[in-house]
Structures are given as structure tokens and as C-alpha cells.
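Q:
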Amino acid sequence: MLLAAPLGVAALGGLGFWYMLSGLQNGSFNPRGVPSALLGRTPPDFALPPVEGMNLPGLSSADLRGLARPVLVNFWASWCVPCIIEHPQL
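Under the numbering used here, residues 18 to 107 are what the sequence shown spells out, in order.
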């Protein structure tokens with residue numbers, strides 16, 4: 018009886034995940050339909066220092082403003098499994 022609630026929550030989560038994946042596979046999932054509080058807003062200012070031992074400058078949000086095309090800044094971590102998988106493609 019104590020396991021009924023956690024199992025129910027896990028089952029609902031699994032169904033939701035399955036529904037999302039099936040939508041991705043058949044092309045009916047529209048990521049633009051997912052509401053986000055960040056869409057249309059100016060990103061926050063940031064400044065990244067240069068990497069030690071590399072002859073490269075740091076990067077700040079001011080360096081990216083006013084460019085003619087969109088800029089994607091991908092923050093990742095060495096312990097993040099999806100980040101490790103996508104690293105060779107960057």
C-alpha cells in the first residue's frame with residue numbers, strides 16, 4: 018500500500034515521457050508550442066574569463082550583441098551525459 022502512490026506517479030511520468038517521445042518520432046510534437054518565459058526576452062549579461070593556458074580571449078554578452086545572425090551559446094558540464102554525447106559534434 019505504501020508503494021501505490023510512488024508507483025502511480027512513476028507510471029504517469031512514464032506515460033507522459035512515452036507520449037512526448039512518440040510525438041517526436043511521428044513529427045507531431047512542436048517544440049515551439051511549449052510555453053517559455055524566456056522567449057522574446059533579452060538574455061542576461063554575462064562575462065566568461067579566458068581559459069587558462071589557451072591563447073584565447075574571454076567572451077561576454079557584449080561581444081555577441083548586434084551580430085547579423087542568431088547566436089547559440091551552449092553551456093555544458095563534463096559530468097553531464099548528454100553534454101558528453103554532443104561534445105564531438107561541437
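Just so it is clear, CB atoms sit at the ideal spot from N, CA and C, and this is done for glycine as well.
Keep in mind the model is a prediction, meaning the values are calculated, not measured.
Alpha carbon to alpha carbon, what distance is there between N72 and P66?
A: Put simply, the backbone Cα of P66 is about 12 Å away from that of N72.
Q: Can S78 and P52 be called in contact, C-beta distance under 9 Å?
A: no
Q: Ends of the alpha helix (DSSP H) at S78?
A: Looking at the DSSP string, the run of the alpha helix (DSSP H) that includes S78 is 78-81.
Q: R82: which of N91, F63, V98 sits nearest, CA to CA?
A: Of N91, F63, V98, the residue nearest in Cα terms is F63.
Q: Please determine, among P105, D80, A27, L29, the residue with the shortest C-alpha to C-alpha distance to W93.
A: P105
Q: Less than 7 Å between C-beta atoms, sequence neighbours within five positions excluded: which residues of the same chain meet that for C100?
A: Beyond the five residues adjoining it in sequence on each side, C100 comes within less than 7 Å, by CB distance, of W93, A94 in the same chain, given in chain order.
Q: DSSP three-state call for L65: helix, strand or coil?
A: Strand.
Q: What distance in whole Å lies between the Cβ atoms of L76 and N91, which are believed to be in contact at a cut-off of 8 Å?
A: The pair is not a contact, with the Cβ atoms about 12 Å apart (cut-off 8 Å).
Q: Reducing DSSP to helix, strand and coil, say where V98 ends up.
A: helix
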